[in-house]
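Protein sequences, first through last, are from chains A and B. Quick note: the first sequence uses my numbering, first residue 20, plus one each step. Quick note: the second sequence uses my numbering, first residue 20, plus one each step. Where is the CB? At the ideal position from N, CA and C, for every residue including glycine. Since we're looking at a predicted model, the values are computed, not measured. Below: the structure, in structure tokens.
There are 2 protein chains.
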Amino acid sequence: MLQSTRRSLPMSLLRAREVVMAQFRPILAQHGVSEQQWRVIRVLGEQSPLDATELAERASILAPSLTRIIKALEERKLITRGKVDGDGRRVMLAIAPKGQVLISEVAPESSAIYDEVQRRIGHERYEQLLDLLEGLIDLEKK
Amino acid sequence: MLQSTRRSLPMSLLRAREVVMAQFRPILAQHGVSEQQWRVIRVLGEQSPLDATELAERASILAPSLTRIIKALEERKLITRGKVDGDGRRVMLAIAPKGQVLISEVAPESSAIYDEVQRRIGHERYEQLLDLLEGLIDLEKK
DNA sequence: TTTTGATATTTAACATGTTAAATAGTTTTT
DNA sequence: AAAAACTATTTAACATGTTAAATATCAAAA
Numbered sequence: 020m021l022q023s024t025r026r027s028l029p030m031s032l033l034r035a036r037e038v039v040m041a042q043f044r045p046i047l048a049q050h051g052v053s054e055q056q057w058r059v060i061r062v063l064g065e066q067s068p069l070d071a072t073e074l075a076e077r078a079s080i081l082a083p084s085l086t087r088i089i090k091a092l093e094e095r096k097l098i099t100r101g102k103v104d105g106d107g108r109r110v111m112l113a114i115a116p117k118g119q120v121l122i123s124e125v126a127p128e129s130s131a132i133y134d135e136v137q138r139r140i141g142h143e144r145y146e147q148l149l150d151l152l153e154g155l156i157d158l159e160k161k
Numbered sequence: 020m021l022q023s024t025r026r027s028l029p030m031s032l033l034r035a036r037e038v039v040m041a042q043f044r045p046i047l048a049q050h051g052v053s054e055q056q057w058r059v060i061r062v063l064g065e066q067s068p069l070d071a072t073e074l075a076e077r078a079s080i081l082a083p084s085l086t087r088i089i090k091a092l093e094e095r096k097l098i099t100r101g102k103v104d105g106d107g108r109r110v111m112l113a114i115a116p117k118g119q120v121l122i123s124e125v126a127p128e129s130s131a132i133y134d135e136v137q138r139r140i141g142h143e144r145y146e147q148l149l150d151l152l153e154g155l156i157d158l159e160k161k
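Laid out in structure tokens, this is it:
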């Protein structure tokens, strides 16, 4: 039998994400970046430079989308794009000064929201949820 | 401080969903429906008719997307679309015979996948995960 | 070395997500 | 009843998701 749409895992994951992102989106909009652009910037803020494949993997963005996002962010000088010597296929991306500034502006507001969500759901349950999700994600690799 | 992108709730929710849907997508593709089209069909399979607003809510699809999806599904005669007498604004959607057939074809394969995921993650953890997600979703309403 | 095969990125085409605005119909106010 | 406010759906515009194919480059095999 089909599961009820109410207690379907993919749908619950979708809705849960929607609830969290709804808190978040207005802040990103204020700073003129989409959710996906922000993911790219954040990943590069953690580690630069990264080649496109690594970046796509870490930001959970498919290659074709990444191509477009890179173009937009590079035009705004939020990231930089360079070639790898020794491998003409690959592209190296790095956070740019303007990107660093953006991160430092968004970071406090971002943290406040995460803290609020965590507080409302409960510290322990929050960690438990992350653990369970991690377990689900790891199924892919086995 | 910014959270690590590895242990970020929105990203974990996104990745977890991706892992589950990766199992699922090939089956839907075989039957020529997208993930979102399948959600619409499934919801209408549970209850028909529904007006567009209710349907959008239950399938977690935004109104503009639903408009396009309805058009596509109606053309393929998987669903039917009718007007409400007494309120000329609203549109009523219902599952069509072809849609029922599709559901009965996809259902067993769908169940098999859910069972497999549930088995691999563990029954108890699976239920626990759904409960935690539900708790997160309910934050919206408070 | 030339061919073959594999890899990284981009392009293409179409569906959906997202926000804002338009349209049409309904309800409430005055 | 006419105007104003509200509601349901659609349209518009642009970004992203998704799959397949095209390009360009590198690596391995013959």
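Inter-segment contact for the segment 149–160 of chain A and the segment 54–72 of chain B is absent: fewer than three beta-carbon pairs are separated by less than 8 Å. Closer than 7 Å at the C-beta level to chain A, one finds these residues of the segment 72–99 of chain B: R77 and S79.
Among the residues of the segment 110–126 of chain A, those with a Cβ less than 9 Å away from any Cβ of chain B are I122, V125 and A126, in the order of the chain. The alpha-carbon of B/E73 is positioned some 50 Å away from that of A/K102. If you keep only unbroken alpha helix (DSSP H) runs of at least 4 residues inside the segment 30–68 of chain A, you get 54–65. Residue-level contact by beta carbon fails for B/L69 and chain A, as no gap is shorter than 9 Å. Between the alpha carbons of B/L112 and B/K90 lies a gap of roughly 11 Å. Around the beta carbon of A/L32, 16 or more other beta carbons sit within 10 angstroms, so the residue counts as buried. Counted as a single uninterrupted DSSP element, the alpha helix (DSSP H) harbouring A/K90 occupies residues A82 to E94. When beta bridges are read from the DSSP output, A/R100 appears opposite A/L112. DSSP lists A/M111 as the bridge partner or partners of A/D70. With the criterion set as a beta carbon lying under 8 Å from some beta carbon of chain B, the members of the segment 136–150 of chain A are V136, R139, I140, R144, Y145, Q147, L148 and L149, in sequence order. With the rule of 3 Cβ pairs closer than 8 Å, the segment 112–121 of chain A does not count as touching the segment 114–130 of chain B.
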